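Read through the structure below, which is laid out as structure tokens, and then see the notes.
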Amino acid sequence: MLKSTYQQSLLRSNLFVVWNELVKNIKSLLAYPAILVFWAVFPIFWFIPFILQGQAFVGGPESASFAQITGSGEYVPFIVIGAVLNSYVNTLLYGMGENIRREAYQGTLDYVLAAPCNKAYVLIGKALSESLSSTIFAASQLTISVLLFGMNLTLGVMLPVFFIVILLMLGLYGMSLILAAFSLMYKQSYDLSQTIGYVFYIFAPVRYPVESLPTWAQIFGKLIPLTYALIIVRSFMLLGTDFSAVYFEVIALLIIDIVLLVAGFYLFSWMEEKTKKSGTISHH
Amino acid sequence: MNKSNKEHRLREVKCPTGFNWSNLKAELKAVWEANIKDWKIEFAYPVSFIRQLISPLVFLLPFLLYGLVLVGGTESANLKQLVGTDDVVAFIFTGYIMMGFIGTAVWAMGFSIRRERWFGTLEAIYVTPSSRLGQVLGMALHSTVHQILGTIIQFIVIYLTFGLALKIDGILPALAIFALMMIALYGFGIVISALGLILKEGWVVSDSLYSIMMILSPVAYPLAVLPTVAQQASYLFPTAPALIGMRSFLIENYQPEVAGNVFLHLLGLGAAWILFGIVVFRVTDVYVRKRGMLKKF
Numbered sequence: 014m015l016k017s018t019y020q021q022s023l024l025r026s027n028l029f030v031v032w033n034e035l036v037k038n039i040k041s042l043l044a045y046p047a048i049l050v051f052w053a054v055f056p057i058f059w060f061i062p063f064i065l066q067g068q069a070f071v072g073g074p075e076s077a078s079f080a081q082i083t084g085s086g087e088y089v090p091f092i093v094i095g096a097v098l099n100s101y102v103n104t105l106l107y108g109m110g111e112n113i114r115r116e117a118y119q120g121t122l123d124y125v126l127a128a129p130c131n132k133a134y135v136l137i138g139k140a141l142s143e144s145l146s147s148t149i150f151a152a153s154q155l156t157i158s159v160l161l162f163g164m165n166l167t168l169g170v171m172l173p174v175f176f177i178v179i180l181l182m183l184g185l186y187g188m189s190l191i192l193a194a195f196s197l198m199y200k201q202s203y204d205l206s207q208t209i210g211y212v213f214y215i216f217a218p219v220r221y222p223v224e225s226l227p228t229w230a231q232i233f234g235k236l237i238p239l240t241y242a243l244i245i246v247r248s249f250m251l252l253g254t255d256f257s258a259v260y261f262e263v264i265a266l267l268i269i270d271i272v273l274l275v276a277g278f279y280l281f282s283w284m285e286e287k288t289k290k291s292g293t294i295s296h297h
Numbered sequence: 470m471n472k473s474n475k476e477h478r479l480r481e482v483k484c485p486t487g488f489n490w491s492n493l494k495a496e497l498k499a500v501w502e503a504n505i506k507d508w509k510i511e512f513a514y515p516v517s518f519i520r521q522l523i524s525p526l527v528f529l530l531p532f533l534l535y536g537l538v539l540v541g542g543t544e545s546a547n548l549k550q551l552v553g554t555d556d557v558v559a560f561i562f563t564g565y566i567m568m569g570f571i572g573t574a575v576w577a578m579g580f581s582i583r584r585e586r587w588f589g590t591l592e593a594i595y596v597t598p599s600s601r602l603g604q605v606l607g608m609a610l611h612s613t614v615h616q617i618l619g620t621i622i623q624f625i626v627i628y629l630t631f632g633l634a635l636k637i638d639g640i641l642p643a644l645a646i647f648a649l650m651m652i653a654l655y656g657f658g659i660v661i662s663a664l665g666l667i668l669k670e671g672w673v674v675s676d677s678l679y680s681i682m683m684i685l686s687p688v689a690y691p692l693a694v695l696p697t698v699a700q701q702a703s704y705l706f707p708t709a710p711a712l713i714g715m716r717s718f719l720i721e722n723y724q725p726e727v728a729g730n731v732f733l734h735l736l737g738l739g740a741a742w743i744l745f746g747i748v749v750f751r752v753t754d755v756y757v758r759k760r761g762m763l764k765k766f
């Protein structure tokens, strides 16, 4: 079987690596059904307090003050969209670095890195599996939210939203590659990814509009891919706009994606070489 | 002769049993040492220590900023209708400081056993002649002090940035309520740590319980906005009566959402949760050791 694999064209061999990495990660996820159910359902419990807070402070489903800043007074869909897109940060940002760490814990990292294939395809396989699981979790959370809070979704809106989610995932891949690189070299990338998660949570408009932050914090927030993704998706879903109204944000998101992906691949290759030379790959 | 004397003395050595002053002192020393050990581990990772110190503030800010954007200022007319005060900042701050301590019970205590298992030291701790609960309580002590430090930072930042109006004369009774709440939360934490002994992926249960408790506790909203069943369920946990009691002492014009004596309610909950926790921990401990599951994870 191995022999036939090597005889295949380079592209097919690489796709074989990506596919098997994807299958391996999905099998690993399916082996823990409790975790699967947890990520599909429980993130909803994290934003329900914000909806109840809205009811207590405003006394209805709309806030005039909210409408002045965001253009729509409906805070419930605002919170739901923020939470669902933020769940990609939770799974993708921590997922990739932790995935590499898990290989080290399980004692399989040496074999993965010694395999006669380009490591970029292993990472692509890992990224695809994280994206697939994130999308399943996000879709589940969105469906439950639609049923619970009566949000209105149409296919015409969801298609451009899906495109923006892909752009968001590309930016997060870049960041998670950087984290995976640090994980290879310094082993403890957990604190770094948690700190980045904090930065996203505070400076990106996950729970509140970015305009409610001080000017310096708004500038900082504009460097985060999630900020643009949230602005664009909320424009589509809450204000009913199209791409022409948010073309600047789409271009900004694309530029950030390219910078992060290039930096991520470069850093990972560099760190991989360094760890191989230092002989500390299997350390954890 | 000497040899037989020595053997005799060795046979005489017994593990300390029974409730007496000398055993209690020994157990308290074990709790203290477990606490010191956790501080030493924590200081070995300074970045992690600082991150965890500011995390209470990081998780409070979204509730606060979102609340301010919702009402377009610091006063909510609807909140005043519900609980008599319109002060959004004081209401959210007094509510959120509790959440960190729920985290202490669920995460720190719940994972004390699990963490030892990861480090490979659980079996060594289990064979020491001290109570297994000492380890859990040592971790709880460390985590409570850690959380208090985080809350002080939280208070300073919120006071300087948003202004915080609390009644100074209400601090002492509020602290008494806090202490009673912590006793009940420790009981809850002991139950979670027992689950950590038996479940391979205990964090799923801990996080689920934390999420449910977060909704049932009136952290950022009064109990009145919850459905009736949820309101009744919230009285089984110490956070709801503690929050209502603390707010009535700390916030001007606050009208408690429920009648009854908060102190008695918390005393009852504390006794019930501690008793339940100890029983669950004992049963799980015996079950795990009989099945030889101590080292499995």
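Protein sequence lines correspond, in order, to chains A and B.
Counting with this note's numbering, you get residues 14 to 297 for the letters of the first sequence.
Counting with this note's numbering, you get residues 470 to 766 for the letters of the second sequence.
Note that the Cβ used here is the ideal one computed from N, Cα and C, for glycine as well.
Quick caveat: nothing in here was measured; it's all calculated off a predicted structure.
Counterpart residues of residue i in DSSP-defined beta bridges
i	result
residue 556 (chain B)	B:544
residue 116 (chain A)	Bridge partners of residue 116 (chain A): none, in fact.
residue 87 (chain A)	A:75
Beta-carbon proximity list for residue i, same chain, < 7 Å, skipping 5 on both sides
i	result
residue 504 (chain B)	607, 610, 611
residue 768 (chain B)	An answer regarding residue 768 (chain B) cannot be provided, because it is not within the stretch 470 to 766 covered by chain B.
residue 546 (chain B)	555
residue 287 (chain A)	198
residue 254 (chain A)	248
Contact under 8 Å by Cβ, residue i with residue j
i	j	result
residue 675 (chain B)	residue 709 (chain B)	no
residue 101 (chain A)	residue 28 (chain A)	no
residue 713 (chain B)	residue 725 (chain B)	yes
residue 707 (chain B)	residue 653 (chain B)	yes
residue 217 (chain A)	residue 183 (chain A)	no
residue 530 (chain B)	residue 78 (chain A)	no
residue 536 (chain B)	residue 689 (chain B)	yes
residue 43 (chain A)	residue 35 (chain A)	no
residue 52 (chain A)	residue 150 (chain A)	yes
residue 636 (chain B)	residue 544 (chain B)	no
residue 567 (chain B)	residue 658 (chain B)	no
residue 753 (chain B)	residue 667 (chain B)	yes
Cβ neighbours of residue i in the same chain (closer than 8 Å, five flanking residues each side left out)
i	result
residue 679 (chain B)	571, 572, 575, 576
residue 284 (chain A)	194, 195, 197, 198
residue 616 (chain B)	525, 569, 570, 572, 573
residue 234 (chain A)	216, 217, 218, 223, 226, 240
residue 600 (chain B)	496, 499
residue 470 (chain B)	The pLDDT assigned to residue 470 (chain B) is 48, lower than 50, so where the model puts this residue is not dependable; a value taken from the coordinates is nonetheless given after this. For residue 470 (chain B), where only same-chain residues beyond five positions count, there are no Cβ hits under 8 Å.
residue 279 (chain A)	none
Interface partners of residue i on chain B, CB under 9 Å
i	result
residue 222 (chain A)	538
residue 88 (chain A)	535, 538, 539
residue 41 (chain A)	Going along chain B, no residue has its Cβ under 9 Å from residue 41 (chain A), so there is no contact; the nearest lies around 13 Å.
Within chain A, partners of residue i - CB distance below 9 Å
i	result
residue 517 (chain B)	201, 203, 204, 207
Partners in chain A for residue i, counting only beta-carbon separations shorter than 7 Å
i	result
residue 628 (chain B)	Neighbours of residue 628 (chain B) on chain A: none; closest Cβ ~18 Å, over 7 Å.
residue 551 (chain B)	69
residue 680 (chain B)	55, 58, 59
Neighbourhood of residue i by C-beta distance below 6 Å, restricted to the same chain and skipping five residues each side
i	result
residue 112 (chain A)	139
residue 762 (chain B)	none
residue 548 (chain B)	555
residue 170 (chain A)	249, 250
residue 511 (chain B)	518
residue 703 (chain B)	685, 709
residue 692 (chain B)	700, 726
residue 553 (chain B)	722, 723, 724
Partners in chain B for residue i, counting only beta-carbon separations shorter than 8 Å
i	result
residue 51 (chain A)	673, 676, 677
residue 70 (chain A)	536, 539, 540, 545, 547, 548, 557, 690
Which listed residue (the options) has its alpha carbon closest to that of residue i
i	options	result
residue 172 (chain A)	A:230, A:141, A:256	A:256
residue 533 (chain B)	B:621, B:626, B:601	B:626
residue 75 (chain A)	A:121, A:61, A:131, A:91	A:91
residue 521 (chain B)	A:203, A:130, A:245	A:203
residue 650 (chain B)	B:602, B:731, B:699	B:731
residue 174 (chain A)	A:237, A:41, A:98, A:142	A:98
residue 584 (chain B)	B:723, B:663, B:564, B:622	B:663
residue 275 (chain A)	A:264, A:67, A:188, A:244	A:188
residue 157 (chain A)	A:143, A:133, A:54	A:54
residue 682 (chain B)	A:59, A:47, A:207, A:272	A:59
residue 580 (chain B)	B:604, B:560, B:592	B:604
Residue i: contacting residues in chain A (beta-carbon distance under 8 Å)
i	result
residue 694 (chain B)	65, 68, 69
residue 525 (chain B)	Neighbours of residue 525 (chain B) on chain A: none; closest Cβ ~12 Å, over 8 Å.
Interface partners of residue i on chain B, CB under 7 Å
i	result
residue 79 (chain A)	538, 539
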